[in-house]
Ligand SMILES: C[S@@+](CC[C@H](N)C(=O)[O-])C[C@H]1O[C@@H](n2cnc3c(N)ncnc32)[C@H](O)[C@@H]1O
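In this note's numbering, the protein residues as written are 5 to 433.
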């Protein structure tokens, strides 16, 4: 088989391969890797395309491996395997012309000491893989989540919902935005769809910062599910509200735009910088406090919103790197932290106040179980089910203990939503 002439691979492909290696070898998330100085040595268009390519390769990796496995006598080094995976996904899933992709992937192999010897193999295997996948890619089994996550989710939801959630992960996510004031006007300006819960959905947005109304702060990016906690909390003008774990500030902006006096608390000064930037852009105000929630002592507040740190397993549609970068370690520590945060949040409430607890996790241990146990530990709290009675919310999503379970396969015909758990707990004192 003729071997293509060596060349320099496209910088976006080099960036993508480096990101894939960072996720799979160093267990780092793409959002962390793209903040590193090395990544900023690439031009902005290559950074954007490289990130897109890496995310699509991680999303479709299970399918790529199914095609590649019979063509490989033994598993090659990870760098070579990733070259094959990216090349195949570009051809089979993204419709790139095989000639250019194979040339570039052979060149990518030629650049590394550990990969040089595999140039011929990359050339041969990619050509055969492209033929093997031709016309079949879309009909292949939906990629499965890794065992550490699939196991507990199967226990919680069963096979049908599990498969529906995995299909939703494969489809990816549209871009949702929240309007500062007039959602219909923003939907018109962006040519987006106004969802029943008031978020605006865009299917082919392009670069966010160039869209109408971004500079003037008429809206901000926020998944429709992530916008629901504040709608359920229903802040009133003049209420004193603590937004615990506030950065980057999506919920802070919702609370402030409803006229509440918001104290935005986060342990990360760096991330609070993004809250300040977002407030500046949207012309909204909040008091910002760098503090650990466990030692924060303001208030008392009419309401406390606790968007606790969690496994983020509800966001896999938008972060297909997560199942590859994580292995389930650290979740029990997060659960323990969530318990302490809930107990701290209860102490910050005025009698009669509301505690809105939410996580972007699909694991009941970070949602349903947390609230069930919080209600047992704090008999002064009661779950406010009426708060969940909102347009667009299916009553069957309400859970036994009185929270709301959102899954990525909900609203599937309209593009899905992030997985979330939300409960509004009322202090009955
Ligand atoms: C899920 S994000 C919050 C998203 C945010 N509420 C929004 O809507 O944009 C979790 C946040 O918790 C913060 N965090 C983690 N541990 C914390 C702690 N002990 N005290 C305060 N903030 C903490 C992280 O810095 C991170 O910004």
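C-beta: ideal position from N, C-alpha, C; glycine also.
Measure how close the beta-carbons of residue 108 and residue 17 come, nearest whole angstrom, since I'm counting them as under 8 Å.
5 Å
How far does the beta strand (DSSP E) with residue 327 in it extend, from its first residue to its last?
Not the beta strand (DSSP E): residue 327 falls in the alpha helix (DSSP H), residues 326-329.
Shortest alpha-carbon distance to residue 115 belongs to which of 21, 355, 366 and 269?
21
What residues in its chain sit with their C-beta under 8 Å from that of residue 273, if we drop five residues either side in the sequence?
294
Just checking, does the segment 237-249 make contact with the segment 73-87 on the three C-beta pairs under 8 Å criterion?
no
Measuring only from the beta carbon, is residue 348 closer than 6 Å to any heavy atom that is part of ligand 1?
no
At a threshold of 6 Å, does residue 180 count as lining ligand 1 (C-beta to nearest heavy atom)?
no
Note down the Cα distance separating residue 164 from residue 150, rounded to an integer number of angstroms.
17 Å
Where do the ends of the beta strand (DSSP E) carrying residue 363 lie?
353-363
Ligand 1 heavy atoms versus the CB of residue 297: any closer than 6 Å?
yes
Whole alpha helix (DSSP H) runs in the segment 73-152 with 4 or more residues, listed along the chain?
82-96, 102-115 and 123-137
Sequence-distant residues of the same chain with beta carbon closer than 7 Å to residue 215, five excluded per side
194 and 209
Short of 6 Å in beta carbon distance, which residues of its chain neighbour residue 13, apart from the five on each side in sequence? Order them along the chain.
108, 111 and 112
The beta strand (DSSP E) spanning residue 163 covers which residue range?
No beta strand (DSSP E) contains residue 163, which is instead part of the alpha helix (DSSP H) from 163-175.
Ignore the nearest five residues each way along the sequence and tell me which others in residue 27's own chain have a CB closer than 8 Å to its CB.
33, 34, 37, 58, 62, 325, 328 and 329
Taking 7 Å as the cut-off, decide whether the C-beta atoms of residue 428 and residue 388 are in contact.
yes
Which residues DSSP lists as bridging residue 293, in chain order
269
Any non-hydrogen atom of ligand 1 closer than 6 Å to residue 177 Cβ:
no
Given the structure, does residue 334 come close to ligand 1, in the sense that its CB is under 6 Å from one of the ligand's heavy atoms?
no
Residue 271: CB within 6 Å of a non-hydrogen atom of ligand 3:
Ligand 3 is not part of the structure shown, which contains ligand 1 as its ligands.
Can you list, in chain order, the residues of its chain whose CB lies under 6 Å from that of residue 415, leaving out five sequence neighbours each side?
421
How should residue 344 be labelled, buried or exposed, when 16 other C-beta atoms within 10 angstroms of its C-beta is the threshold for buried?
exposed
Taking only the alpha-carbon atoms, compute the straight-line gap between residue 340 and residue 365 and give it to the nearest angstrom.
15 Å
8 Å contact criterion, which residue 283 and residue 314 should meet: CB distance rounded:
Wrong, their Cβ atoms sit about 24 Å apart, outside the cutoff.
Selection from 413, 370, 382 and 403 that minimises the alpha carbon distance to residue 430:
382
Keeping to the same chain, check which residues put their C-beta closer than 6 Å to that of residue 360; ignore five residues upstream and five downstream.
233, 237, 309 and 428
Any heavy atom of ligand 1 closer than 6 Å to the CB of residue 311?
yes
Which residues mark the beginning and the end of the beta strand (DSSP E) in which residue 307 is found?
305-311
Can you find the residues in the same chain that come closer than 7 Å, C-beta to C-beta, to residue 239, ignoring five residues on each side of it along the sequence?
245, 259, 262, 264 and 307
Straight-line gap, residue 331 to residue 43 (C-alpha atoms, nearest Å)
25 Å
Same chain only: Cβ atoms within 8 Å of residue 316, ignoring 5 sequence neighbours per side:
323, 326, 364 and 365
Evaluate residue 432 with the Cβ neighbour count: other Cβ atoms within 10 Å of its Cβ, from every protein chain shown; 16 or more gives buried, anything less gives exposed.
exposed
Among 312, 290 and 349, which one has its Cα closest to the Cα of residue 304?
349
Tell me whether residue 330 counts as near ligand 1, meaning its Cβ is closer than 6 Å to at least one heavy atom of that ligand.
no
Do residue 231 and residue 182 have their beta-carbon atoms positioned less than 7 Å apart in this structure?
yes
When you compare each of 184, 384, 118 and 96 to residue 143 by their alpha carbons, which one comes out closest?
96
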